[in-house]
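**Q** Each number in my numbering corresponds to the 1-based position in the sequence shown with 851 added.
Positions of the beta carbon are idealized from the N, C-alpha and C atoms, including for glycine.
First, the structure itself, so that you have it in front of you.
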Amino acid sequence: MIHHWLASHTLDDVADVDAAISAIRQKGDVWYRADGTAVRAGYGTSYYDADYEYATAVSSAIATAVKDKLAEAGYPPDIDYRWGGEVRCEGGVAPTTPDYAR
852 MIHHWLASHT
862 LDDVADVDAA
872 ISAIRQKGDV
882 WYRADGTAVR
892 AGYGTSYYDA
902 DYEYATAVSS
912 AIATAVKDKL
922 AEAGYPPDID
932 YRWGGEVRCE
942 GGVAPTTPDY
952 AR
């Protein structure tokens, strides 16, 4: 059911990426380097990567959409499911995890 639903709709039809971006920005990000140093990262900081933010938001928005669709179909909210995806960007360059987040 989920595969058919996703295959027959565009990303804009299925997921609210703008809402996911807003949620990410409201939450803020703190990353820890290998030496334990905390780094405030994300929108409005010197450690901002728009491509990484967008890729993270798309993943989050799709996960939310799938969870909502499963609930709409009558599945329990704690259903255990797995999903994976592939990032494809114009020009063939996929966003990578920034160094500060590794």
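Measuring straight from C-alpha to C-alpha, what distance separates Lys918 and Ala885?
**A** Straight-line Cα distance between these residues: approximately 34 angstroms.
**Q** Can you tell me whether DSSP reads Trp934 as helix, strand or coil?
**A** Correct three-state label for Trp934: coil.
**Q** If contact is defined by three or more beta carbon pairs under 8 angstroms, each pair taking one atom from either stretch, is the stretch 927-938 in contact with the stretch 865-873?
**A** Flag = no, the stretch 865-873 and the stretch 927-938 do not touch.
**Q** What's the C-alpha gap between Glu904 and Pro946?
**A** Computed Cα separation, rounded: 9 angstroms.
**Q** Identify every residue that forms a DSSP beta bridge with Asp880.
**A** According to DSSP, Asp880 bridges with Ala892.
**Q** In terms of residues, what are the limits of the alpha helix (DSSP H) holding Thr907?
**A** Thr907 -> alpha helix (DSSP H) spans Ala901 to Glu923.
**Q** Can you tell me where the alpha helix (DSSP H) with Ala858 in it begins and where it stops?
**A** Ala858 -> alpha helix (DSSP H) spans Ile853 to Ala858.
**Q** Look at Val916 and Val865 and say whether their C-beta atoms are less than 7 angstroms apart.
**A** The question names Val, but residue 916 in the sequence shown is Ala. Going by C-beta atoms, Ala916 is nearer than 7 angstroms to Val865.
**Q** Should Leu857 be labelled buried (16 or more other beta-carbon atoms within 10 Å of its own) or exposed?
**A** By the neighbour-count rule (16 or more Cβ atoms within 10 Å), Leu857 is buried.
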